[in-house]
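There are 2 protein chains.
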Amino acid sequence: MLAVHVNIQVKPECVERFVEATKDNAKNSLNEPGIARFDLVQRKDDPTRFVLVEVYRDAGAPARHKETAHYALWRDTVEKMMAAPRASEKFETLYPEPARWSCE
Amino acid sequence: MLAVHVNIQVKPECVERFVEATKDNAKNSLNEPGIARFDLVQRKDDPTRFVLVEVYRDAGAPARHKETAHYALWRDTVEKMMAAPRASEKFETLYPEPARWSCE
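Chains as they are written, first to last, in our numbering: chain A, 55 to 158; chain B, 55 to 158.
Rendered as structure tokens:
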């Protein structure tokens with residue numbers, strides 16, 4: 055499967071609103087059949103920095119995610135909250151095996 | 055919960071042995087009650103680069119993990135495979151809620 059780590063830095067005054075909007079998006083994204091995980095984590099040493107850990111079940115799933123209403127809402131909501139452009143890294147998942155990346 | 059992302063770069067000739075040793079360690083680590091996740095992912099654009107995504111259920115779990123025989127074996131096995139020192143980032147998990155980070 056494909057894992058995408060999205061590195062995000064937000065303006066200090068936007069942290070709370072960013073977390074709220076991103077939790078909503080994560081909750082809706084987990085209902086997409088192509089998405090196994092959509093985790094949000096916050097740096098211990100810098101609460102303005104986050105990583106979204108997205109795991110997709112197939113190659114077409116990221117494009118389908120970007121066509122959803124919840125993605126568009128999130129993208130537009132957080133656009134002005136960014137302190138720097140988002141940077142993504144793409145990975146192949148090696149462990150655990152695909153069936154164990156989500157509980158459904 | 056605490057998430058730790060360990061960034062790892064290995065020597066090209068060590069990739070296969072590193073993956074084997076790290077899968078063994080991940081499998082054993084998931085049996086520790088304090089560990090919710092122990093994922094291994096490999097960079098799409100550079101197969102010598104990996105991230106271990108470790109999620110701990112409590113503050114004492116990382117120290118208990120480092121006392122296990124499987125951690126010691128992994129640490130000693132991969133020591134000479136590193137192309138650069140390992141670099142860790144620590145995070146607070148924000149989403150999903152703690153009970154949903156593992157399937158047990």
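C-beta: ideal position from N, C-alpha, C; glycine also.
Does residue i get closer than 8 Å to chain A when you measure Cβ to Cβ?
| i | result |
| --- | --- |
| residue 145 (chain B) | yes |
| residue 63 (chain B) | no |
Run through the DSSP bridge pairs and tell me what residue i is partnered with.
| i | result |
| --- | --- |
| residue 136 (chain A) | A:64 |
| residue 142 (chain A) | A:60 |
| residue 108 (chain A) | A:58, A:92 |
| residue 103 (chain A) | A:63 |
| residue 97 (chain B) | A:145 |
Interface residues of chain B around residue i at Cβ under 8 Å?
| i | result |
| --- | --- |
| residue 140 (chain A) | In chain order: nothing, as chain B lies at least about 16 Å away. |
| residue 54 (chain A) | As displayed, chain A neither begins before 55 nor continues past 158, which places residue 54 (chain A) out of reach and without an answer. |
| residue 37 (chain A) | Because chain A in this structure spans residues 55 to 158, residue 37 (chain A) falls outside the shown range and cannot be described. |
| residue 80 (chain A) | 149, 150 |
Let me see if you follow: with CB-CB separation under 8 Å, is residue i close to chain B or not?
| i | result |
| --- | --- |
| residue 127 (chain A) | no |
| residue 132 (chain A) | no |
| residue 60 (chain A) | no |
| residue 52 (chain A) | In the structure as shown, chain A begins at 55 and stops at 158. Residue 52 (chain A) is therefore absent and cannot be evaluated. |
Which chain B residues are close to residue i, counting only those with a beta carbon under 9 Å from its beta carbon?
| i | result |
| --- | --- |
| residue 111 (chain A) | By Cβ distance, chain B contributes nothing, its closest Cβ being about 15 Å from residue 111 (chain A), past 9 Å. |
| residue 69 (chain A) | Those do not exist, as residue 69 (chain A) stays about 11 Å from chain B at its closest Cβ, beyond 9 Å. |
So, using beta-carbon positions, are residue i and residue j closer together than 8 Å?
| i | j | result |
| --- | --- | --- |
| residue 73 (chain A) | residue 127 (chain B) | no |
| residue 102 (chain A) | residue 80 (chain A) | no |
| residue 105 (chain A) | residue 91 (chain A) | no |
| residue 109 (chain A) | residue 146 (chain B) | no |
| residue 55 (chain B) | residue 118 (chain B) | no |
| residue 154 (chain A) | residue 60 (chain A) | no |
| residue 124 (chain B) | residue 83 (chain B) | yes |
Quick one: which chain A residues come within Cβ less than 9 Å of residue i?
| i | result |
| --- | --- |
| residue 97 (chain B) | 143, 144, 145, 146 |
List the residues of chain A whose Cβ lies closer than 7 Å to the Cβ of residue i, in chain order.
| i | result |
| --- | --- |
| residue 90 (chain B) | Per Cβ cutoff of 7 Å: no residues; residue 90 (chain B) is ~11 Å from chain A at best. |
| residue 123 (chain B) | By Cβ distance, chain A contributes nothing, its closest Cβ being about 19 Å from residue 123 (chain B), past 7 Å. |
Give the residues of chain B in contact with residue i, contact being defined as C-beta atoms less than 7 Å apart.
| i | result |
| --- | --- |
| residue 57 (chain A) | 95 |
Measure how close the beta-carbons of residue i and residue j come, nearest whole angstrom, since I'm counting them as under 8 Å.
| i | j | result |
| --- | --- | --- |
| residue 115 (chain B) | residue 89 (chain B) | 6 Å |
| residue 150 (chain B) | residue 93 (chain A) | 7 Å |
| residue 75 (chain B) | residue 131 (chain B) | 5 Å |
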